[in-house]
Structures are given as C-alpha cells and as structure tokens.
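Position 71 (the sequence shown) corresponds to 86 in this note's numbering; numbering is contiguous. Since the structure comes first, as structure tokens, the remarks are kept for the end.
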Amino acid sequence: MSRDDPELPDDGALLSATLKSLRRYRKMTKAETAAAMRIAIRTYARFEAGETRLNLDYIHRFAAATQSDAQAILMAVAIGSPEHARRCAENQMGSIYTIGLEQFDHLLGDDIRNLDSRTIIAAIVRMFEQLAKALREGDPTRDWIEKGSANLRAKRPKPGR
C-alpha cells in the first residue's frame, strides 16, 4: 500500500481522530479546549478537524490544555494509531521516549551513524518486549518493597510488649 492509497487516512484525518479521542477522554468540550488553548473556538474547530497544516504550537497547547502528551500526539499520527496518544496520556510515554532519545543523541552525537541497523532494531525490540513483560508480570520493585515492608512489620514488637 502506498501513502496515496485512498483507504489510508491522511495526516489531517489522523490528527483529527487523535485530538477528538483525547478531548473526549478528558470530557472537555470544544469551547473549553479552545479557551484553555487561548485560541478562538472557530480556529480550534478547524485545528481539531485536521483542516490546517500541522501546527506544533497548537499541539503543545492542546497537550497542556488536556493534560496529555504532545510527543505521543505526534507519534500517533506517525504510526497511524489515533488511540496511541490517549493510551499515553497518563504515563507520558511519548515524552519519556523523546527525552531518552535526546539524551542518547547528546551522549553519542555523530557516533550514532556508526550503529548498524540490526543493533538498533534488536535494542528497540528488546526495550518494548521488556516493557510488555513488566506490565504482564508486575513491577519487581513494588514486589520487593511490599515484601521488605511486610518483613519489617513482622519483626516489629507488638503493642503492649
């Protein structure tokens, strides 16, 4: 399938679906969102409908107004998954990933070009597999803290001794 395929939504449609999903998730009206973004409701309506060019300033304002993740909004459009931004609204995964990427870029600089694709793919796949595993199996640190706290409570003298 090419990007010109009529079955594939364009970037404006993907952005529109992403913004609507987030606004509804936050139970906000268009008027409330426009006011929080400090833009006219008509301007907001065109932005939400995907009728304007990609506007990073508006995306960041929207993210602040809806307490969501601007980077996840951009990634949702890039990967063709409008719900991705809603899924990341609470944990800020897009921003965390972008911050990590920025730090990696700063650490390696031009040496990044010396990494081969296989190494990069293996590292990214491993990272996402570990995240999925952590979600399925629970947080080992939380288990460690809970077990340690239980042991400490068990060793404490009981009242009245």
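C-beta: ideal position from N, C-alpha, C; glycine also. Remember, it's a predicted structure, so these values are computed and weren't measured experimentally.
As assigned by DSSP and simplified to three states, the class of residue i
i      : result
Pro155 : helix
Asn166 : helix
Gly65  : coil
Asp25  : coil
Glu144 : helix
Glu105 : coil
Of the residues the options, the one placed nearest residue i, counting alpha carbons only
i      : options                    : result
Thr81  : Lys162, Lys45, Arg171      : Lys45
Leu30  : Ala169, Met142, Leu71      : Leu71
Met142 : Leu122, Gly163, Tyr112     : Tyr112
Pro24  : Ser36, Leu69, Arg53, Pro97 : Pro97
Check whether residue i and residue j have beta carbons under 8 Å apart
i      : j      : result
Ala100 : Ala91  : yes
Ala49  : Ala55  : yes
Gly95  : Cys103 : no
Asp84  : Gln107 : yes
Arg76  : Thr67  : no
Ile88  : Thr156 : no
Ala114 : Asp120 : According to the sequence displayed, residue 114 carries Ile and not Ala. Contact: no.
Residue i - containing alpha helix (DSSP H), residue span
i      : result
Leu116 : 108 to 123
Test: residue i CB closer than 8 Å to a CB of chain C
i     : result
Ile56 : Among the chains of the structure shown, chain C does not appear; only one protein chain is present.
Quiz prompt | Complete runs of the alpha helix (DSSP H) confined to the stretch 28 to 97 [at least 4 residues] | solution = 45 to 52, 56 to 63, 71 to 81, 85 to 94
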